[in-house]
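Position 187 of the sequence shown, counted from 1, bears residue number 187 in my numbering, the numbering being contiguous throughout. Here's the structure, in structure tokens; my notes come after.
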Amino acid sequence: MSVKSKLTLAISLLVMLFLTLDVILNDYSTRVNLRSEAEASMTRLAKQVAETIDQNGRLRAAYEQEMTARLHLSARAAASLLPENLKEIDRAAIRAAANAVKTDSLSILAASEEGLEVIGSSNEQLIGSLENEAADKLQVPVRTLAVQEAEGEVQQESAFVVMWPAGSGEEDGARQEIRAYLAKAGRDYVVSVGINNDDTLELLEKSEPRQLIDDLLAGQRDLMEIAVLDPGSFTEAGAMEVNAGTDAFMGTAAIQYGRFTPGNKLIDQADVAAAAAGKMVFRSAVMDGKSILKGYIGFEEPYPLVVSLVMDEAFLFENLNQQRMNRILISGALLVLVVMASYIISGWLIRPVHSILSKVNDVADGQFDTVLEVRSSDEMGQLAQQVNAMSKNLAVYTNKLQSAFEENRTMKEYLQSFINHTSDAIHVEQTDGTIVQVNQAFEMMFGWTAEEAIGARLQLVPEQYSREEQQALDEIAAGKLLPARETVRQRKDGNWMNVSVTTSPIRDNKGIIRAYASITRDMTSRYKMDELLRRSEKLNTVGQLAAGVAHEIRNPLTTLRGFLQLQQQTQKLNVGHVDLMLSELDRINLIVSEFLILAKPQASKFELKDVRYVLGDVVSLLDSQAHLCNVVFNTDFTQEECEIACEENQLKQVFINVLKNAIEAMPRGGEVNIVVEKRKRDTIAVSITDQGVGIPEEMIPKLGDPFVTGKETGTGLGIMVSQRIIQSHQGTMDITSKVDVGTTVVITLPAVTE
Ligand code: ADP
Ligand code: MG
């Protein structure tokens, strides 16, 4: 879901919540209002009913008073017009009296077997009817009337009673008369006069609460029941037992007017009692499955009474439902409007986010050149600014990265071409010996093609050298930096070659060695070159020595010649001279043979020799030349055996080179101390110290490089050749020197012990 939709949804939900709350609150308050309105209307109605009862009571009382007076007068008048004894009364007398008093009817009643009976009347229809009720009220015993009749005297004073027509509101027939009965003292009959006053009665009836209640019920739909209750009799349990139905209640003392449907007996009783005590009671209840509102309102006037009303809540809240419906409809419409408006507003709000998003997408695609317009200074504006800055930075870094990558690539290509075009064989092998990478030179040098080599474990190290190789690898694994090793490697065809190998470890990011990279340089040609150099140096030395040698040889030759001349002249062989001559010849022989050793290339062959003798030979060889230069050789050789495995000629050349340098360093002569000593660890050290010009400090590290010379006729090969030779003898050669003090060359060689 997009942010826009989410925003819209959130706003809409909020508004919906408010609208719903509004509907609910409104509903509630309207309900409360309606109820209090209903209660007010109920109170009003009850008051109306109570007032009507009051008024009707007064009216009726006034009317009754007037009618009673009128009837009393008429009855008295009629009585005075009629004869004293019943026997004397005839029809004519009754009619005459009736005409005189002008009542609607005039009747004479006398005691009969069944009670008080109409004997004669102006209204013939009444004759024969019994009026026992009136008799009761008159409190004139019918028997008394009978006795009177017999005895002809009446003991009672006159009695007067008015009978109101009963059954008001009854439909059947015409209204009855209001009748008055007069039992006069001394008379054996009762006079009755009747007045028919329907209109007035009707009027009275109309003003009765019964009528009002009917009218109200008819006029107000929501009004279901109105009743006037007598609280006194109502609260009597007995009244409430009448639960059979409304009609059963009617006419009882508890319900004076109207209808009352009992609900819960106890509640009803309590409510009526409370209302009678002056408290208005309103209560929601259910009647016949309908929600109703019941009200009880008590009044003191005209007499203590309680008006009960029942209203139908359905009608009461009819409007409410309508109103609620309307409100919901309006809210719904409002909600739709809000959804639309919020959608538009969120779109408007989100727009900057969209442009930022598209910018970020551009950046993600690698386009950094577009710039976001910053229109506002709010958070969106700040965001846009930051995005711009970020994109700018990204562009810079990406460019840097690109150039670094390019550099890397070139470097890689460069390295690749370097690896592939170098004449040194390069191969990488895993720790288990499996080859993972080789270069062209490797293929050429070892004879294996890359396809054959990669993934295979080749026998590159000859069997005899495997221990030495393992040692080297162990040292590398231990973290030691090994210099180039001069050793031997085996080609595919099984031939060996002299090589110089540099091996370096390749570690993973945890520092564990995963592979070894080896650079192998074919030293065959280098060795050939060395040989050539050695030879040229030798020739040079030979040339230089030649003068010395010639000089050296000339002396004994001169001696020999002298002796031979002497013997030629004396023709005698002097034995002493012969010995001398022989020793001279031996010396010549020695010199020449030494010379030959140097001059003639010899098959290299290691032999056991004593250094002292080899050095001694060289010293003798150079002695004569030293003499020429005023140089004296002082030798101090150890008494111990100094046997080493060596190639005599080569070793001699080393000593010659060093001694010659010593001689040459002392143009005005001096001493050369030559010491041979045996050191610990079976090393033999040869130190040759001169008192010459010394070597400038900056030159010392360069010694050993070819053609590094400080002399006009020098070759700069002597030290280099010497170092090679000593190296091949597993020895070392150290030169220390101080300008104008002298130079010491120390050569150490491994001694051979039993
Ligand atoms: P060359 O003797 O032909 O010059 P070398 O290799 O024998 O070549 O010696 C190189 C240089 O080292 C010499 O030219 C010289 O300057 C210096 N050198 C060697 N030995 C000595 C020494 N004993 N005293 C002073 N300088 C020496
Ligand atoms: Mg030299």
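Glycine included, each C-beta is placed from N, C-alpha and C at the ideal position. Bear in mind that the values here come from a model prediction, so they are computed numbers and not experimental data.
N- and C-terminal bounds of the beta strand (DSSP E) containing residue i
{"i": "H421", "result": "Careful: H421 lies outside any beta strand (DSSP E), inside the alpha helix (DSSP H) at 379-421."}
{"i": "A183", "result": "178-183"}
{"i": "L223", "result": "223-229"}
{"i": "N634", "result": "631-637"}
{"i": "R60", "result": "That residue, R60, is in no beta strand (DSSP E); its alpha helix (DSSP H) goes 3-81."}
{"i": "E671", "result": "670-679"}
{"i": "A685", "result": "683-689"}
{"i": "I454", "result": "Taken as a continuous stretch (DSSP letters only), I454 belongs to no beta strand (DSSP E), as it is neither H nor E."}
{"i": "S376", "result": "Per DSSP, S376 belongs to no beta strand (DSSP E) and is neither H nor E."}
{"i": "G194", "result": "190-195"}
As assigned by DSSP and simplified to three states, the class of residue i
{"i": "K510", "result": "coil"}
{"i": "M311", "result": "strand"}
{"i": "N555", "result": "helix"}
{"i": "Q211", "result": "helix"}
{"i": "V242", "result": "Confidence is the limiting factor: at V242 the pLDDT is only 48, short of 50, which leaves the residue's position unreliable, though a coordinate-based value still follows. In the structure shown, V242 sits in coil (DSSP, three-state: anything other than H, G, I, E or B)."}
{"i": "K87", "result": "helix"}
{"i": "K609", "result": "strand"}
{"i": "T103", "result": "coil"}
{"i": "T370", "result": "coil"}
{"i": "H729", "result": "coil"}
{"i": "F160", "result": "strand"}
{"i": "A425", "result": "strand"}
{"i": "I719", "result": "helix"}
{"i": "I695", "result": "coil"}
{"i": "E640", "result": "coil"}
{"i": "T200", "result": "helix"}
{"i": "D362", "result": "helix"}
{"i": "Q430", "result": "strand"}
{"i": "G173", "result": "Any reading at G173 needs caution, since the residue's pLDDT is 47, under 50, leaving its predicted position unreliable; the model's value is listed next. Reduced to three states, the DSSP call for G173 is coil."}
{"i": "K206", "result": "helix"}
{"i": "A645", "result": "strand"}
{"i": "T570", "result": "helix"}
{"i": "F249", "result": "For F249, the predicted structure reports a pLDDT of 48, less than 50, and the residue's modelled location is therefore unreliable. A value from the coordinates is still provided. DSSP places F249 in helix when its eight states are reduced to three."}
{"i": "T736", "result": "strand"}
Alpha carbon of residue i to alpha carbon of residue j, nearest angstrom
{"i": "G232", "j": "L17", "result": "54 Å"}
{"i": "A239", "j": "I178", "result": "Model confidence at A239 stands at a pLDDT of 49, short of 50, so the residue's coordinates are unreliable and nothing is read from them."}
{"i": "P462", "j": "M529", "result": "25 Å"}
{"i": "L71", "j": "E225", "result": "39 Å"}
{"i": "S358", "j": "E407", "result": "32 Å"}
{"i": "D188", "j": "T200", "result": "34 Å"}
{"i": "K572", "j": "V741", "result": "55 Å"}
{"i": "F234", "j": "A40", "result": "24 Å"}
{"i": "F260", "j": "A227", "result": "6 Å"}
{"i": "A86", "j": "F299", "result": "Note that residue 86 is Leu in the sequence shown here, rather than Ala. One C-alpha to the other measures close to 52 Å."}
{"i": "K6", "j": "Y343", "result": "10 Å"}
{"i": "M390", "j": "S403", "result": "20 Å"}
{"i": "V371", "j": "E452", "result": "57 Å"}
{"i": "I747", "j": "D432", "result": "40 Å"}
{"i": "L659", "j": "V631", "result": "11 Å"}
{"i": "S80", "j": "G115", "result": "24 Å"}
{"i": "I476", "j": "P505", "result": "7 Å"}
{"i": "C629", "j": "A751", "result": "34 Å"}
{"i": "Q490", "j": "N657", "result": "35 Å"}
{"i": "K279", "j": "G295", "result": "11 Å"}
{"i": "K702", "j": "I725", "result": "18 Å"}
{"i": "A314", "j": "D27", "result": "15 Å"}
{"i": "R35", "j": "L334", "result": "29 Å"}
{"i": "E443", "j": "A425", "result": "8 Å"}
{"i": "I827", "j": "D610", "result": "There is simply no residue 827 to check, as the chain begins at 1 and stops at 754 in what is shown."}
{"i": "I11", "j": "D378", "result": "21 Å"}
For residue i, the first and last residue of its enclosing alpha helix (DSSP H)
{"i": "Q650", "result": "648-665"}
{"i": "L749", "result": "Segment 742-750 is the beta strand (DSSP E) holding L749; no alpha helix (DSSP H) there."}
{"i": "Q437", "result": "Run containing Q437: none in the alpha helix (DSSP H); it sits in the beta strand (DSSP E), 435-438."}
{"i": "K702", "result": "Careful: K702 lies outside any alpha helix (DSSP H) and carries neither H nor E."}
Task: Beta carbon nearer than 5 Å to a non-hydrogen atom of the ligand MG - done: N661, G718
Task: Contiguous beta strand (DSSP E) assignments of at least 3 residues, all confined to the segment 462-536 - done: 485-490, 496-507, 513-522
TODO: Return the chain-ordered ranges of every alpha helix (DSSP H) run that is complete within the segment 256-338 and spans a minimum of 4 residues.
DONE: 265-276, 313-316
Open item on the list: So within the segment 108-138, which uninterrupted beta strand (DSSP E) runs reach at least 3 residues, ignoring any that extend past its ends?
Closed with: 116-121
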